[in-house]
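So the protein lines, in turn, are chains H and X.
Just so it is clear: in the first sequence, position 37 is 37 by our numbering, and no numbers are missing.
Just so it is clear: in the second sequence, position 9 is 1009 by our numbering, and no numbers are missing.
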Amino acid sequence: MAISASSKQHSRNNRPSTAGQLGSGLGAFKFPFALSSLLIALSFVPRIQGNTTLVWSFWGAAAALLAWQAYLLVNSKNKNEERVFSILLRPQHYIQAMVQFSVYAYWGYYWRPVYDHAWLIIGQLLFAYTFDMLLAWSRRREYSLGFGPIPIILSINLFLWFRDDWFYLQFLMIAVGFMGKEYVRWQRDGRSSHIFNPSAFALGFFSLILIATNTTALTWGQEIASTLTLAPNIYTYLFLVGLVVMYFFSITLVASAAAITLFGISALYSAGTGVPYFLDSEIPAAVFLGLHLLITDPSTSPRTPLGKTIFGMLYGLGVFGLYTLLGSMGSPTFYDKLLVVPLLNLSVIAIDTSVRSIHSQALLNVWRESWFGGRANLAHMSIWIVIFASMSFLGKTDSMHEGDSLPFWEQACASELPNACSRMLQLEASYCGDNAAWACNEIGAHYREGKITESNEELSLAYFSRGCELKFQAACLNLLDQDLVAREVPHELDLRLLLREGGQNLMSASTQELYEKACDHNWAFACESNRSQI
Amino acid sequence: MSKPQPKANAEGGGSSAQQIPGRTLGLSIMCLMIVFVAAWMTFQSRQQEATVVASAEALASVTGLRSDAWYLPDEPLLGFVKIPAGTFTMGSNPALDRLAYENERWSSARRQGSVELADFYIGKFEVTLAQFWNYAQENPTLADKIPADVPGNIPITNITWPEALGYARWLQGKMESSPNTPEELRSYLASGARISLPSEAEWEKAARGTDGRLFPWGNMPSMEFANYDSSIPLPVGSKPCDQCAFGLQDMSGNVWELTRSPLQAYPYTVDDDTANLAEDALWVMRGGSFADGVGNIRAAVRGGVDPGVRNNTIGFRLVITTL
């Protein structure tokens, strides 16, 4: 949830605290100047010095900010105008920031690049504060200095980072987010307010560009989406930190409606087809994160309880639909959770208007506060807790998922269950990308045989080459003889990669543990090997 | 000094319109930024590919290579030499070759074996940078493997076993369909032959001939005919060796040469090649390199290499074979 500074929906727990005007006159420029200088100073830390483009990205961003400050300073002097900022601390910003920080801390403990990214996040924060302040001053507004930019930056970085060689685009993405908040506005309930959630606006636009130019590889997007599950029990963790946000800011209806919708249609699909909709989960962990932290900005979501519920449900349906749409276009499916948010932001007035036009008192009163003794949010949270607990009890969250097991997909594909073969290919391609040589050979074999997918010798050779370079002998033989389809059971290293269930590190597991686990995943050769050892 | 206007007036309406800038300029700048990012990302991703390929263009300006025939040598059979069918002696006899390694012994009962091979053609030279560059032009992902500041007749190195095979497949496709392919080779390919890496038997026969010599030129080491104990690879054919078996160049030294045979114990038989799938792949390389001593440039030496390894001492040459 990236909550904007203009949010006025305060409960008794989230009143802003103000310390009055802090900077005024030309002296106020010292603050953005100090932040820009810090940005330059930050470029000298070893993490940033390690890449020339990164250094120039920081210097370029700082130079642009300094030039902007100089322009405003001269302008202010000439026109005898003041630039002012004051402290305004909003709980929805700092509580949100703390929750996001805890997610980074937990995730990064199990996926090191997150911690390595910390300096770059600090740089983005310095840039964001300065940019936001200068933008407000350019509009001749007083700037409210608080924690506002932090959840926006942390939210963006939970979903997309540009790689070091392209990091200047990260600064541009942040700039677009803040400009979208400042300039793309509408009248809502008689007040001017921004249409889009700032982080979702930037993420959505840049996602579209990355898809259209087929340049996803310039970002860490795919890795970010798939490494959340490296942290054990990530669903439970996100659920618990989500409760904190739900408690303080009454976003329960949005988040839980989205989650329940996704769980529900995912289960329906699974019951109807015999295979899970999302490959290896009922809801991808990154989507679960998104529905807690990306769509729940009160400023850009409906204000009526029923509207919030519909908003959440539409998010669930949108992600569900985009997953298939992106997959069928050959685009990375992890963009599903990002692209749908700006569209939903655009629909909030329509949703609120539709809800208010309902004349059925019975329907509207379903959410009447008095039914819950004025504690509707706690009641909603209780229901959500029960539902999540039930899902966990049924093994639909952190437990091993049947879609994690490749033999399950092989069987499903052999049984010609809907989409099972394409999902199996997708999974094998993903494991091949993780350096599981067996998977490279298998997918190469499928493309050579042309039984479950269209024959494609060029692709087949590419996968065999990868498998061979990873020392899988069958793949090498398949490269040598284009009439051959040699297969072999996974080697030990392959099993360490194939059995991770999204999150576990099996590199130090004993061979016996590995084969037992493989047998649990219905690998017949592993069960036979276990039996022979007994 | 004038105080800033309250936010309620910030959208340009009424009397404050002159003081509070409108949103048009900001919106336009934002849209321009988005368009710039889209254009820049498209341009950069294409530019990167183009630059890498173009940077190697100078490699092709080497005399003695035919630019109309994939930069193969300007010789009647484009540098391929026919090795006639027949038997040859494979492996080492430690009584004659005191530098022989244990893995060159044929079996517990025999020191050397006799292997019969059909006709095949083998490259007179190792595959060069210019030739591989020509292939990489159509496979941009390989272009960054080619250094731009060295002569095009240096043997290609730092390529993996699958990449070497990829080049062989590509050349076969070209030669089968081109009128620039000599008729002898075209008809041989049409009969079912293929371009590939040599098997280790093919390589050893081509290197030592049928008289069982220890080096391609005879039984005594000679720095006149081979680049070894040195620090860099030389352009192919830099150590001319007319007396070498079949007139092939650089079979000893310069760079190790990949083969299509898995490394396994003798006796050699093609039937064993598909055994041991459960073990990690390890492929035979032959001939030693510029960085090796005399013990490793003997014709019978067998090295092993992971198929994914890139090394500046390992290259390859090609065969056209029916096996």
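Backbone N, C-alpha and C define an ideal beta-carbon position, used for all residues, glycine too.
Within chain H, partners of residue i - CB distance below 8 Å
i	result
Asn1276/X	Gln473
Thr1210/X	Residues of chain H passing the Cβ test: none, with the nearest at roughly 26 Å.
Gly1166/X	Leu461, Ser465
Pro1198/X	None at all; the shortest Cβ gap to chain H is about 12 Å.
DSSP beta-bridge partners of residue i
i	result
Phe1120/X	Ile1083/X
Thr219/H	Phe162/H
Met1090/X	Gly1113/X
Arg188/H	Arg191/H
Met1223/X	Answer is none; Met1223/X lacks a bridge partner.
Leu1128/X	Contrary to the premise, residue 1128/X reads as Thr rather than Leu in this sequence. Thr1128/X is bridged to Pro1155/X.
Asp1280/X	Phe472/H
Euclidean distance between Cα positions of residue i and residue j
i	j	result
Thr1042/X	Thr213/H	6 Å
Val99/H	Val287/H	17 Å
Arg1110/X	Gln1264/X	17 Å
Arg487/H	Gly444/H	10 Å
Ile452/H	Pro418/H	12 Å
Trp68/H	Leu134/H	7 Å
Asn435/H	Thr353/H	52 Å
Asp1306/X	His521/H	30 Å
Tyr71/H	Gly60/H	17 Å
Arg1286/X	Ile1156/X	15 Å
Trp1106/X	Glu1183/X	39 Å
Phe239/H	Leu230/H	16 Å
Tyr109/H	Tyr115/H	8 Å
Gly50/H	Gly1026/X	35 Å
Leu1099/X	Asn1093/X	10 Å
Thr236/H	Asp1144/X	45 Å
Ala1193/X	Val1150/X	34 Å
Val1284/X	Ile40/H	54 Å
Any C-beta of chain H under 7 Å from that of residue i
i	result
Met1041/X	yes
Pro1140/X	no
Met1285/X	no
Val1053/X	Unreliable placement is indicated for Val1053/X, whose pLDDT of 47 sits below 50; the coordinate value is still reported in the next sentence. By this cut-off, Val1053/X is not an interface position.
Ala1281/X	yes
Ala1150/X	Checking the sequence, you will find Val at residue 1150/X rather than Ala. So, not an interface residue.
Arg1023/X	yes
Ala1038/X	yes
Pro1162/X	yes
Under 7 Å by beta carbon: chain H residues contacting residue i
i	result
Met1033/X	Leu172, Ala175, Val176
Gly1308/X	Glu469, Leu470, Lys471
Beta-carbon contacts of residue i that lie in its chain and below 8 Å, excluding the five residues immediately before and after
i	result
Ile1083/X	Leu1117, Asp1119, Phe1120, Tyr1121, Ile1122, Glu1202, Lys1205, Ala1206, Phe1246
Asn1276/X	Pro1262, Gln1264
Arg1213/X	Asn1219, Ala1245, Ala1299
Leu1065/X	Tyr1071, Leu1072, Pro1073, Asp1074, Thr1128, Ala1130, Gln1131, Gly1152, Asn1153
Ile48/H	Leu42, Leu54, Val55, Phe58, Trp119, Leu120, Gly123
Nonlocal neighbours in the same chain, by C-beta distance under 6 Å from residue i, ignoring five residues either side
i	result
Ile564/H	With chain H represented from 1 up to 534, any question about residue 564/H goes unanswered, as that position is not in the structure.
Gln1131/X	Tyr1071
Tyr143/H	Phe85, Met133, Ala136
Residues that residue i contacts on chain X, provided the C-beta gap is smaller than 9 Å
i	result
Leu293/H	Here the premise fails: no neighbours, minimum Cβ distance about 24 Å.
Met179/H	Gly1026, Leu1027, Ile1029, Met1030, Met1033
Ser138/H	Pro1021, Gly1026
Residue i: contacting residues in chain X (beta-carbon distance under 8 Å)
i	result
Leu145/H	Within chain X, no residue comes near Leu145/H; the closest Cβ sits about 14 Å away, beyond 8 Å.
Same chain, Cβ closer than 7 Å to residue i, five either side skipped, listed in chain order
i	result
Ile260/H	Ile387
Under 7 Å from the C-beta of residue i: neighbouring residues of chain X
i	result
Glu182/H	Gly1026
Thr213/H	Ala1038, Met1041, Thr1042, Ser1045
Cutoff 7 Å: residue i Cβ touching any chain X Cβ
i	result
Cys476/H	yes
Ser465/H	yes
Phe85/H	no
Ile209/H	yes
Phe205/H	yes
Leu54/H	no
Glu458/H	no
Glu492/H	no
Glu488/H	yes
Leu134/H	no
Leu480/H	yes
Cross-chain neighbours of residue i in chain H, by beta carbon under 9 Å
i	result
Pro1262/X	Gln473, Cys476, Leu477
May I ask you to list, following chain order, the residues of the stretch 1231-1260 of chain X that have a beta carbon less than 7 Å from some beta carbon of chain B? Given the protein chain composition of this structure (H and X), no chain B is represented.
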